[in-house]
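Colleague: Here the sequence shown stands for residues -24 to -1, 1 to 391, where the numbers follow mature numbering (1 follows the signal peptide of the UniProt record, and there is no 0). Glycine included, every Cβ here is placed at the ideal spot set by N, Cα and C. Below is the structure I would like to discuss, written out as structure tokens.
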Amino acid sequence: MNVVKTRVAVSAMVFCLMSAPTLAEDLRVTVWTGNDAHLKMLNGIAESFKENHPDVIVKFETVPVSDYTQKLTFQVAGGNPPDIAWMMEDAAPAFENAGLLMDIGPTVKAAQGYDFDDFSQPAMALWQKGETVYGIPFSTSPFMIYYNKDMFDKAGLEDPLALAAKGEWTLDKFQETAKKLAEANPGKWGFEFKDGEGYASRMTHALLPSIRAYGGDIWTNGQCGFDKPEAIAAVKQLHDMVFKDKSIVPPGEQGDYFSGNSAMTDNQISRASKMPEAGFNWGIAPLPTGPGGESPVIGQAGLVVFEQGKHKELAAQFVAHMTDKENVATMAQFFPPARKSVLDSEAFINGNKLVPAEQMKNVSSAITKGRVHPAHEKAPQILAAMAPRVDALWKPDANVEDALKGVCAAIQPLL
């Protein structure tokens, strides 16, 4: 009798397990945006994934950009990585070389209609070694000059877009203009570095555009470039703007372009989503040129899947979905694409409701002509070694050349 009851109970349990609905699977995706428009778009893409994966719930977790890579590293080291992460270009080599990223090539290439060859080869260079694909770039975004047209008009100055159209938007003109803007708008600044950072964080993003425009680089082929004549001349000019002209927001001060306290900043096209709340007329122009000519700087970010992730194959399928032609075209309103078919389309030029087509053409041109921010597998250690040396640079009486030689002395062993 007991045997019969046991068999019945076991049969009932098996039937319940077989007939029970499939439990939903959660995919964790870490991002560094908390912007409502970005998250609305991302959640829309996640919702469309459910058409073929009805039991999958995609959750986007926002981590502040200032310590994003550090927190991501801690999660991985602690055995709790997200399934998918946005990854900055400077951090990618370290994660790749440590064997922490899944080869998602077979999955994305097998996705129906994916057309892997549509991705620009230069854009894929950082994310692919041979046939191994460590990530798919979702944003290949050049740095542009955002400007407050109202402040330019008040100062009686031509704006950067007009100057660029005449071939007069140079670093010398940039310095002259920033000083006049600060003088015409007491209590405000002519320029601030990206997101009001550049001293304690985003050090390379603050210095690289000018160094490239002078014909140099921060490092290349394992050699430090900070102590080269081109870099020294570029940084001296920035130093003069901070401490002599008093036109760039100095260390310890907060300019905040987006609230109208700085006339110009450099940033990427995704920041256009913040402009409707700014309350002033604005525009986007190319970076100023220098002795080295036109040298756009591109910041890149990719989608990666972690080897330790709980749902690797499913995560790779979501990356394929998120970076197919349709969704890349959707994301292009905020994140300039690496897909050639989307970048070359009228839909991209006209797709950003906030930025006029003529200004978006400058974005497209910069992607074509620009170079990605230098990457290195030891980027976190390099930035940590740079920090105290860069601190010494941003003093009123600093010897710029000696400070930059100090930077190279600190980071060359790591390069």
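Pick helix, strand or coil for K105, following the three-state DSSP scheme.
Modeller: Here the question's residue 105 lines up with position 129 in the sequence shown. Of the three classes helix, strand and coil, the one that applies to K105 here is strand, per DSSP.
Colleague: Whole angstroms are fine: how far does the CA of W8 sit from the CA of A140?
Modeller: Against the sequence shown, residue 140 aligns to sequence position 164. Against the sequence shown, residue 8 aligns to sequence position 32. Straight-line Cα distance between these residues: approximately 32 Å.
Colleague: So, with DSSP's three-state summary, where would you put P118?
Modeller: Position 142 of the sequence shown, counted from the start, is the residue given in the question as residue 118. Looking at P118 - three-state DSSP - the assignment turns out to be strand.
Colleague: Inspect the CB distances between the region 36 to 49 and the region 326 to 336 and report whether three or more fall short of 8 Å.
Modeller: Between the region 36 to 49 and the region 326 to 336 there are fewer than three C-beta pairs closer than 8 Å, too few to call the two in contact.
Colleague: Using a 10 Å radius around the Cβ and a threshold of 16 neighbouring Cβ atoms, would you call N161 buried or exposed?
Modeller: Taking the sequence shown and counting its residues from 1, the one referred to as residue 161 is at position 185. Under this definition N161 is a buried residue.
Colleague: On the DSSP bridge assignment, give the partners of A61 in chain order.
Modeller: Within the sequence shown, residue 61 is the residue found at index 85, counting from 1. Note: A61 sits in a beta bridge opposite T6, V280.
Colleague: To the nearest angstrom, how far is it from the Cα of G346 to the Cα of A158?
Modeller: Along the sequence shown, one-based indexing puts residue 346 at 370. Along the sequence shown, one-based indexing puts residue 158 at 182. Between G346 and A158, the C-alpha separation is close to 30 Å.
Colleague: So, are the CB atoms of L279 and F114 less than 8 Å apart?
Modeller: On the sequence shown, residue 279 is found 303 positions in, with the first residue counted as 1. On the sequence shown, residue 114 is found 138 positions in, with the first residue counted as 1. Closer than 8 Å, so yes.
Colleague: Does the contact criterion of 3 or more C-beta pairs under 8 Å hold for the region 23 to 39 versus the region 253 to 269?
Modeller: The region 23 to 39 vs the region 253 to 269: no contact.
Colleague: Run the CB neighbour count on S246, radius 10 Å, all protein chains shown included, and call it buried at 16 or more, exposed below.
Modeller: Here residue 246 refers to the residue found at position 270 of the sequence shown. By the neighbour-count rule (16 or more Cβ atoms within 10 Å), S246 is buried.
Colleague: Apart from the five residues just before and just after Q388, which ones in its own chain have a Cβ nearer than 7 Å to its Cβ?
Modeller: Here residue 388 refers to the residue found at position 412 of the sequence shown. Hits under 7 Å: C200.
Colleague: Between the alpha carbons of Q276 and A209, how many angstroms are there, rounded?
Modeller: Your numbering for residue 276 matches position 300 in the sequence shown. Your numbering for residue 209 matches position 233 in the sequence shown. If you take the alpha carbons of Q276 and A209, they lie about 27 Å apart.
Colleague: Is the region 231 to 242 touching the region 166 to 177, taking contact as three or more C-beta pairs under 8 Å?
Modeller: yes
Colleague: Under the three-state reduction of DSSP, which class applies to M362: helix, strand or coil?
Modeller: Start at 1 with the first residue of the sequence shown, and residue 362 comes out as number 386. The answer is helix: DSSP assigns M362 an H, G or I state.
Colleague: Can you check the region 233 to 269 for any beta strand (DSSP E) of at least 3 residues that lies completely inside it and give the ranges in chain order?
Modeller: 240 to 243, 258 to 261
Colleague: Could you check what DSSP says for K35 in three-state terms: helix, strand or coil?
Modeller: Residue 35 sits at position 59 when you count from the first residue of the sequence shown. In this structure, K35 counts as strand in the three-state DSSP scheme.
Colleague: Along the chain, where does the alpha helix (DSSP H) containing Y44 start, and where does it finish?
Modeller: Looking up residue 44 in the sequence shown gives position 68. 44 to 53 is the extent of the alpha helix (DSSP H) around Y44.
Colleague: Is G191 closer than 8 Å to G111 when the C-beta atoms are compared?
Modeller: If you number the sequence shown from 1, residue 111 lands on position 135. If you number the sequence shown from 1, residue 191 lands on position 215. For G111 and G191, no; Cβs fall outside 8 Å.
Colleague: If you draw a straight line from the C-alpha of P356 to the C-alpha of D93, how long is it?
Modeller: Reading the sequence shown from its first residue, position 380 is the one you call residue 356. Reading the sequence shown from its first residue, position 117 is the one you call residue 93. Answer to the nearest angstrom: the Cα atoms are 32 Å apart.
Colleague: If you reduce the DSSP assignment to three classes, tell me which class T299 lands in.
Modeller: Locating residue 299 in the sequence shown gives position 323, where the first residue counts as 1. Here T299 sits in coil by DSSP.
Colleague: Using 8 Å as the threshold, is the C-beta distance between V225 and S238 below it?
Modeller: What you label residue 225 is simply residue 249 of the sequence shown in a count that begins at 1. What you label residue 238 is simply residue 262 of the sequence shown in a count that begins at 1. A contact, by the Cβ cut-off of 8 Å.
Colleague: List the residues that DSSP assigns as beta-bridge partners of V304.
Modeller: Within the sequence shown, numbered from 1, the residue matching residue 304 stands at position 328. BP columns for V304 are empty, so no partner.
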